[in-house]
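Step one of this worksheet: look at the structure below.
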Amino acid sequence: MSALVEIENLRVAFRNDEGGYNDAVRGVTLSLGREKLGIVGESGSGKSLTGRALLGVLPPYARISVDKMQFDGIDLKSATPKLRRSLRGGRMGMILQDPKFSLNPVMTIGKQIVEAIRIGDRRISGGDARKKALGILEAVHIREPERVFNLYPHELSGGMGQRVMIGMMVVREPDLLIADEPTSALDVTVRTQVLSILDELVTRRGMGLIFISHDLNLVSKFCDRVIVMYAGRIVESIEASRLSEATHPYTRGLLSCLPQIDGSLEPLPVLNRDASWAGAA
Amino acid sequence: MLSIQHLNVEFSGKLAVRDTGFSVQPGESFGLVGESGSGKSTILRTVMGLNANWNGSITVDGVDVRKAPRKQLAKVVQMVFQDPYSSLHPRYVIGQQIAEPMKINGIANPERRTAELLELIGLGARFQFRFPHELSGGQRQRVAIARALALSPKLLLLDEPTSALDVSIQAEILNLLNRLRKELGLTFVIVSHDLAVISYMCERLMVMRNAQPVETLTREQLRSGAIAEDYTKALIAAA
Ligand SMILES: Nc1ncnc2c1ncn2[C@@H]1O[C@H](COP(=O)(O)OP(=O)(O)OP(=O)(O)O)[C@@H](O)[C@H]1O
Ligand SMILES: Nc1ncnc2c1ncn2[C@@H]1O[C@H](COP(=O)(O)OP(=O)(O)OP(=O)(O)O)[C@@H](O)[C@H]1O
Ligand SMILES: [Mg+2]
Ligand SMILES: [Mg+2]
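The listed protein sequences correspond, in order, to chains A and B. If you're matching positions, the first sequence starts at 1 in my numbering and goes up one per residue. If you're matching positions, the second sequence starts at 1001 in my numbering and goes up one per residue.
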């Protein structure tokens, strides 16, 4: 099976105060099949930027270079802005880390979901689209969907915002979904239910999922494979179910920092970040 | 330090919090957990005077929040919001945003203290000239924590303070919060979906579902499984 996504040697840099450039992503290479790939790692290590580069939504002043970036055989490096826009509206989707920020603040969320449905199905009637939208809210376990349909983004709780975003992406049934911390604000019971929706898209429709998360337990249970990032690079790539056997000292350090429900109340172990982990630029 | 009694909070005819109360002793750390949408953030925002339509009583450090002037209250209680992107102003560099409340309240040397606070949360003073959109999610979260600490409040309301952080930074922030609590005698209310974080940080916790409390537990009860309600058991089982 050919890969759905292939990225070779991705670099993203931003101008610094001294007039030079700082690399935020430093040579990321990855490939994704129709599977669930988890990305974990240090805050600021370039996880979100990697996802945004693949989708084509980096700020214009970012300096990006990549040897190869393909989506389902389409060369994204040479793709026109128009093609990339149309891919974003259809076959590729991203759930941003700040869900409310990516919703339109002056439109009710019901209207926004209806709009998303109508983009995918231009012939659907207003009534049917509304019914479908309410069905989505129910599917992501929102209480009182009728009431929530008429709320504005700022009137949603943190976890409701995340579920609305997931719902809006799921109706479009994209071939690739990049989900950036999509469930960090969900309680565990609701989270399990919502994740099963994503899982179904992967197993039933063959979607590829890039799942960026800080939750190591969740990633090891939910994903197929995990990539660990540190300082703009991939330091380890491992089968998700074997995350606890990871060997890189950074990954081992992460695993040891986790508080446990019945764990000690002494200060948590912290990492002594070793300069060698960052590796050569 | 904080006492909430018979609190009802309403949004256009619908109760988001129904007859809810708890109190937190000085120096204590109290956890709020439960279903997404059950009213946890709403309780904290109401304490901060950000909701208009409520009844019941809320006192902070013995002062009725309805009667206390905002400026006085701000020196006693500060909140770290769940969504750090919307709580930071997009057009000001973060150094300015941390210094601003100190300037308003006439605190000496706001610039130096801003630099110290940025060091404290592990970003460093060089970050003070960055705009919020130039930071990663976890970096923004840490700025929000620094800003809340700027006025040296006695009570900190922390809404999902570490859910955007990787676990190594989370460990550093939790250690920092615990150290500050001990050294400065702070009181915390912490909302989190992570029961391990709550168990590590809080002496007591309240579980919420559908706008109402389900039960209140001590850390020992949580740890030993001495739990009465099925909903709480389900939360722990899925964790
Ligand atoms: N627009 C920007 N301008 C300048 N620097 C940026 C910009 N966007 C991101 N960065 C920097 O690039 C680095 C990587 O950011 P990114 O958002 O990818 O981190 P992340 O791994 O997603 O972290 P987190 O887990 O905290 O969300 C960070 O150090 C960040 O400060
Ligand atoms: N400004 C508002 N207008 C209307 N409804 C609101 C407003 N703010 C909150 N609500 C509603 O109040 C309820 C409780 O929201 P709240 O943000 O307190 O939940 P939460 O327990 O913090 O959930 P989460 O864990 O998902 O953040 C939700 O149904 C939400 O839609
Ligand atoms: Mg990120
Ligand atoms: Mg909340």
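Just so you know, even glycine gets a beta-carbon here, dropped at the ideal spot from N, CA and C. Note that the coordinates shown come from a computational prediction; the quantities given were computed from them, not determined experimentally.
Problem - Distance cut-off 7 Å: S184(A) Cβ against heavy atoms of ligand 3 - result: For this step, residue 184(A) is matched to residue 184 along the first sequence. Result no, Cβ not under 7 Å from ligand 3.
Exercise for the section: Under the assumption that T192(A) contacts A1238(B) (Cβ atoms under 8 Å), give the Cβ distance between them as a whole number of angstroms. Expected result: To locate residue 192(A), count along the first sequence from 1; it is residue 192. To locate residue 1238(B), count along the second sequence from 1; it is residue 238. That pair is a contact at about 6 Å.
Exercise for the section: Taking the CB atoms as reference points, tell me whether H141(A) and P105(A) lie closer together than 8 Å. Expected result: By one-based count along the first sequence, residue 141(A) stands at place 141. By one-based count along the first sequence, residue 105(A) stands at place 105. No; because the gap between Cβ atoms is not below 8 Å, this pair is not in contact.
Practice task
Verify the contact flag: D180(A), CB atom, against every heavy atom of ligand 3, threshold strictly below 7 Å.
Solution key: Taking the first sequence and counting its residues from 1, one reaches residue 180(A) at position 180. D180(A): yes, Cβ under 7 Å from ligand 3.
Practice task
Just the C-alpha distance for A79(A) and S1136(B), rounded to the nearest angstrom, thanks.
Solution key: What you label residue 79(A) is simply residue 79 of the first sequence in a count that begins at 1. What you label residue 1136(B) is simply residue 136 of the second sequence in a count that begins at 1. Rounded to the nearest angstrom, the two C-alpha atoms are 27 Å apart.
Practice task
Kindly indicate the opening and closing residues of the alpha helix (DSSP H) around I197(A).
Solution key: Within the first sequence, numbered from 1, the residue matching residue 197(A) stands at position 197. Note, I197(A): alpha helix (DSSP H), 188–205.
Exercise for the section: Specify whether the segment 1031–1042 of chain B and the segment 1201–1214 of chain B touch according to this definition: at least 3 beta carbon pairs, one from each stretch, less than 8 Å apart. Expected result: yes
Practice task
Output, in sequence order along the chain, the residues in the segment 1156–1173 of chain B whose CB is closer than 9 Å to any CB in chain A.
Solution key: D1159, E1160, T1162, S1163, A1164, L1165, D1166, V1167, S1168, I1169, Q1170, A1171, E1172
Problem - Unbroken stretches of the alpha helix (DSSP H), 4 residues or longer, contained in the segment 1095–1164 of chain B - result: 1110–1120, 1137–1149
Handout entry: Straight-line gap, I64(A) to L58(A) (C-alpha atoms, nearest Å)
Key = What you label residue 64(A) is simply residue 64 of the first sequence in a count that begins at 1. What you label residue 58(A) is simply residue 58 of the first sequence in a count that begins at 1. Distance between the alpha carbons of I64(A) and L58(A) is about 9 Å.
Problem - Option nearest E1183(B) by Cα separation, candidates K1154(B), D1194(B), S1224(B), C1202(B) - result: Counting from 1 along the second sequence, the entry for residue 1183(B) is found at position 183. Here the closest residue by C-alpha is K1154(B).
Practice task
Taking only beta-carbon positions, decide if F101(A) is within less than 8 Å of chain B.
Solution key: Start at 1 with the first residue of the first sequence, and residue 101(A) comes out as number 101. Yes, contact with chain B.
Exercise for the section: Verify whether the separation of the beta carbon atoms of M69(A) and K82(A) is less than 8 Å. Expected result: The residue given as residue 69(A) occupies position 69 in the first sequence. The residue given as residue 82(A) occupies position 82 in the first sequence. Their beta carbons are not under 8 Å apart, which means M69(A) does not touch K82(A) by this criterion.
Handout entry: Residues within the segment 177–199 of chain A neighbouring chain B, beta-carbon criterion of under 7 Å
Key = E181, S184, A185, L186, D187, V188, T189, V190, T192
Exercise for the section: Have a look at L216(A) and L1118(B) and give me their C-alpha separation to the nearest angstrom. Expected result: Position 216 of the first sequence holds residue 216(A). Position 118 of the second sequence holds residue 1118(B). Their backbone Cα atoms lie some 27 Å apart in a straight line.
Problem - Same chain, Cβ closer than 8 Å to L1195(B), neighbours up to 5 away in sequence not counted - result: Residue numbering aside, residue 1195(B) sits at position 195 when the second sequence is read from its first letter. If we look at L1195(B) and ignore the five residues flanking it on each side, its Cβ neighbours are V1033, L1222, L1235, I1236, A1239.
Exercise for the section: Specify whether the segment 225–245 of chain A and the segment 33–48 of chain A touch according to this definition: at least 3 beta carbon pairs, one from each stretch, less than 8 Å apart. Expected result: yes
Exercise for the section: Show which residues of chain B have a CB atom less than 7 Å away from the CB atom of S157(A). Expected result: The sequence position of residue 157(A) within the first sequence is 157, counting from 1. Within chain B, the residues near S157(A) are S1036, G1037, S1041.
Practice task
Figure out for me which residue from L1149(B), V1024(B), E1220(B), P1161(B) has the closest Cα to the Cα of V1047(B).
Solution key: Here residue 1047(B) corresponds to residue number 47 of the second sequence, with the count starting at 1. Nearest of L1149(B), V1024(B), E1220(B), P1161(B) to V1047(B), Cα basis: V1024(B).
Practice task
Go through the segment 1004–1090 of chain B residue by residue and report every complete run of the alpha helix (DSSP H) that reaches 4 residues or more, in order.
Solution key: 1040–1047, 1070–1076, 1084–1087
Handout entry: Option in E1229(B), G1039(B), V1214(B), E1220(B) with minimal Cα separation from E1203(B)
Key = For the purposes of this step, residue 1203(B) is identified with residue 203 of the second sequence, where counting begins at 1. Ranking E1229(B), G1039(B), V1214(B), E1220(B) by Cα distance to E1203(B) puts E1220(B) first.
Handout entry: L1007(B) to N1055(B) span [Cα, whole Å]
Key = Within the second sequence, numbered from 1, the residue matching residue 1007(B) stands at position 7. Within the second sequence, numbered from 1, the residue matching residue 1055(B) stands at position 55. Straight-line Cα distance between these residues: approximately 6 Å.
Practice task
Could you tell me if the beta carbon of I24(A) falls within a distance shorter than 7 Å of some heavy atom in ligand 1?
Solution key: Numbered from its first residue, the first sequence carries residue 24(A) at position 24. Note on identity: in this sequence residue 24(A) is Ala, with Ile being the wrong assignment. Checking the Cβ of A24(A) against ligand 1 gives yes.
Problem - Any C-beta of chain B under 8 Å from that of D98(A) - result: One-based indexing of the first sequence puts residue 98(A) at position 98. D98(A) counts as touching chain B.
Practice task
Give the secondary structure of M165(A) by DSSP, where H, G and I count as helix, E and B as strand, and everything else as coil.
Solution key: For the purposes of this step, residue 165(A) is taken as the residue at position 165 of the first sequence. Looking at M165(A) - three-state DSSP - the assignment turns out to be helix.
Handout entry: Cβ-based contacts, 7 Å cut-off: residues of the segment 1061–1072 of chain B near chain A
Key = none
Practice task
Could you tell me whether the Cβ of R1223(B) comes closer than 8 Å to any Cβ of chain A?
Solution key: For the purposes of this step, residue 1223(B) is identified with residue 223 of the second sequence, where counting begins at 1. Yes, R1223(B) lies at the interface with chain A (some Cβ there is under 8 Å from its Cβ).
Practice task
Note down, in chain order, each residue of its chain lying with its Cβ closer than 6 Å to the Cβ of K132(A), except the 5 sequence neighbours on either side.
Solution key: The residue labelled residue 132(A) in the question sits at position 132 within the first sequence. Only I117 meet the Cβ criterion.
Practice task
Out of P60(A), L32(A), K36(A), point me to the one whose CA is closest to V12(A)'s CA.
Solution key: What you label residue 12(A) is simply residue 12 of the first sequence in a count that begins at 1. Comparing Cα positions, the closest option is P60(A).
Practice task
Kindly identify the DSSP beta-bridge partner or partners of S31(A).
Solution key: The residue you call residue 31(A) lines up with position 31 of the first sequence. Answer by DSSP bridge pairing, in chain order: E6(A).
Practice task
Could you have a look at Q70(A) and say whether DSSP puts it in helix, strand or coil?
Solution key: If you number the first sequence from 1, residue 70(A) lands on position 70. Looking at Q70(A) - three-state DSSP - the assignment turns out to be strand.
Problem - Residue range of the unbroken alpha helix (DSSP H) whose run includes A179(A) - result: Within the first sequence, numbered from 1, the residue matching residue 179(A) stands at position 179. Here A179(A) belongs to no alpha helix (DSSP H); instead the beta strand (DSSP E) covers 176–180.
Exercise for the section: Determine the contact status of I197(A) and L37(A), defining contact as a CB-CB distance below 8 Å. Expected result: The sequence position of residue 197(A) within the first sequence is 197, counting from 1. The sequence position of residue 37(A) within the first sequence is 37, counting from 1. Going by C-beta atoms, I197(A) is not nearer than 8 Å to L37(A).
Problem - Distance between I212(A) and I1043(B) (C-alpha atoms, nearest Å) - result: Here the question's residue 1043(B) lines up with position 43 in the second sequence. Here the question's residue 212(A) lines up with position 212 in the first sequence. Their Cα atoms are separated by approximately 30 Å.
Handout entry: Cβ contact (3+ pairs, closer than 8 Å) linking the segment 90–110 of chain A and the segment 147–164 of chain A
Key = yes
Exercise for the section: Below 8 Å between beta carbons is the criterion; list the residues of the segment 1004–1019 of chain B that meet it against any residue of chain A, in chain order. Expected result: F1011, K1014
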